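Structure, as structure tokens:
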Amino acid sequence: MGLGVVVSLEEGRDKNAPGDAPDKAPANALEVLLRLVAEDFAKVDTEIRTRMVSDVPLIPELAGHIIASGGKRLRPVLLIAAARLCGYEGERHIRLAACVEFIHTATLLHDDVVDESALRRGRATANIVWGNQASVLVGDFLFSRSFQLMTQDGSLAVLSILSEASAIIAEGEVMQLTTANNLATTEDDYLQVIAAKTAALFAAATRVGAVVAGRPADDELALADYGRYLGIAFQLIDDALDYQAEEATLGKTVGDDFREGKITLPVVLAFAAADESEQAFWRRCMEQRDQADGDLETALRLMRKYDTLDATVDRARHYGNMARAALARFPDGEYRRALEGVIDFCIERAY
């Protein structure tokens, strides 16, 4: 490969993403963390740009589209913060944070193809713009780049953690596929799906932060627990937001999960509490995918009747408390407080 082709990541980028360092006071707990890691993340951003270079112009163009489409890049930010929490002063975490972002971006590209999604973070998805084949293949390219970064780091422990997380994410995707449109899905079934599909990469990112710092196994596992529980809480809030957020806030069409027949926790709880006629409604809409005008409003009414959105947020709060407890072994300081603040931010998105 020569110098290759790369595209700008600036268009559509979140203006409060790490590295932007706005002058105004932090608006929320996440922004506190973003400012704290801004210098490190500027290096991660450079690493991402460099690793997206390819002599095949479509690859950086398509990858740049989704990477530049907003979002806080929470997973690499958490890896940076975990490393700094553990007192790490080197540079290995920069390359590995980029690796985590590539894994995440690859899964998003594949997700949007599987889900036939049209909108992500307020922009047309790559599969809509370039088609399914290109999206899948560029996702594969990003996965391969992530494994290059792992091997270049040279740590067998890091390679084991991130490769295992990649496999678990794929298992979670398949589990979700097999439970799709299936109202027999239990709360435990669903939590198993999101623990794999979403939380595994959170856990891997925070654990790697401890590994590069050379911390003992107990610290590694505590940070993995923090990431795992935060990831579960994050996904549960996303599930609730799909039924109650403004589209501009959500970054996708409100009610997409319902229209796609996705069985998320608010639906699981509503179906479990429903009477016979209400269960028939859910079966028609979610299993048979026979939806009519007004069905989303009916679904929202039933969720309010049985308080399933509040119950979902309560579950998220429970996992958030578990994430907070996992940090208790670490000394108080700006990084621990910032990581605790991210928990609050994730939960508060529901209000």
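Read the sequence shown against UniProt numbering and you will find it ends at 351, with the numbers running on by one and no gaps. Just so you know, even glycine gets a beta-carbon here, dropped at the ideal spot from N, CA and C. A quick note: this is a predicted structure, and the numbers were derived from the prediction, not measured.
At what residue ranges does the stretch 249–285 contain a whole run of the beta strand (DSSP E), taking only runs of 3 or more? none
Count the other CB atoms, across all protein chains shown, that sit within 10 Å of the CB of Lys197; report buried if there are 16 or more and exposed otherwise. buried
Between the Cα of Arg315 and those of Leu183, Gly341, Gln235, Gly122, spot the shortest distance and give me the residue it belongs to. Gln235
Hey, is the stretch 70–82 in contact with the stretch 27–47, meaning 3+ C-beta pairs nearer than 8 Å? yes
With 16 other Cβ atoms within 10 Å as the buried cut-off, status of Ser160: exposed
How big is the Cα-Cα spacing for Trp282 and Ile232? 25 Å
Could you tell me the alpha carbon to alpha carbon distance between Pro22 and Ala38, rounded to whole angstroms? Because the pLDDT at Pro22 is just 41, under 50, the model does not fix this residue reliably, and the value given afterwards should be weighed accordingly. Roughly 10 Å separates the two Cα atoms.
Beta-carbon separation of Thr206 and Tyr226 under 9 Å? yes
Sheet register partners of Leu119 (DSSP bridge): Ala124
Please work out which residues of its chain come closer than 8 Å, Cβ to Cβ, to Leu339, disregarding the five sequence neighbours upstream and downstream, and give them in chain order. Leu33, Leu78, Ala81, Ala82, Leu85, Tyr226, Leu327
Report buried or exposed for Ala240, applying the criterion of at least 16 other Cβ atoms within 10 angstroms of its Cβ. buried
Using CA coordinates, which residue listed in Asn28, Gly90, Val136 is at the minimum distance from Leu58? Val136
Same chain, Cβ closer than 6 Å to Glu171, five either side skipped, listed in chain order: Ala196
Please classify Ala248 as buried or exposed, where buried requires at least 16 other C-beta atoms within 10 Å of its C-beta. Note that Ala248 scores a pLDDT of 44, beneath 50, so its modelled location is shaky; the value from the coordinates is reported in the next line. By the neighbour-count rule (16 or more Cβ atoms within 10 Å), Ala248 is not buried but exposed.
Taking the alpha-carbon positions, what's the Asp295 to Met286 distance? 11 Å
Are the beta-carbon atoms of Gln291 and Arg301 separated by less than 9 Å? no
Three-state secondary structure (DSSP) of Glu89: coil
Is it the case that the Cβ atoms of Ile263 and Asn181 are separated by a distance below 9 Å? yes
Helix, strand or coil for Gly154? Go by DSSP, reduced to three states. coil
Taking all protein chains shown into account, do 16 or more other C-beta atoms lie within 10 angstroms of the C-beta of Ala215, making it buried, or fewer, making it exposed? The sequence shown places Arg at residue 215, rather than the Ala named in the question. Buried, since its Cβ has 16 or more Cβ neighbours within 10 Å.
Looking at Ala311: is its Cβ nearer than 9 Å to the Cβ of Pro266? yes
Just to confirm before moving on: does the CB-CB distance between Gly40 and Ile128 stay below 9 Å? Correcting the residue type first, residue 40 is Asp in the shown sequence and not Gly. Result no, Cβ atoms of Asp40 and Ile128 do not sit closer than 9 Å.
Leaving out five residues on either side along the sequence, give the residues of the same chain with a beta carbon under 6 Å from the beta carbon of Leu162. Met150, Ala204
Of the listed residues Ala124, Tyr88, Gln148, Ile66, nearest to Leu108 (C-alpha basis): Ile66
Give me the residue from Val254, Asp275, Met322 with the minimum Cα distance to Ala118. Val254
Indicate whether at least one CB of chain B lies closer than 9 Å to the CB of Ala203. The structure shown contains no chain B, having only a single protein chain.
Residue span of the alpha helix (DSSP H) that contains Tyr306, given as start and end: Run containing Tyr306: none; DSSP gives neither H nor E here.
For Ala328, the first and last residue of its enclosing alpha helix (DSSP H): Note, Ala328: premise wrong, no alpha helix (DSSP H); not H, not E.
Candidates Thr298, Gly209, Arg228, Asp219: closest to Glu91 by CA position: Gly209
Indicate whether Val342 and Ile237 have their beta-carbon atoms separated by less than 9 Å. no
Is the separation between the beta-carbon of Ser155 and that of Val212 shorter than 9 Å? yes
Taking all protein chains shown into account, decide if Glu220 is buried (16 or more other Cβ within 10 angstroms of its Cβ) or exposed. buried
What is the DSSP secondary structure of Gln244, reduced to helix, strand or coil? coil
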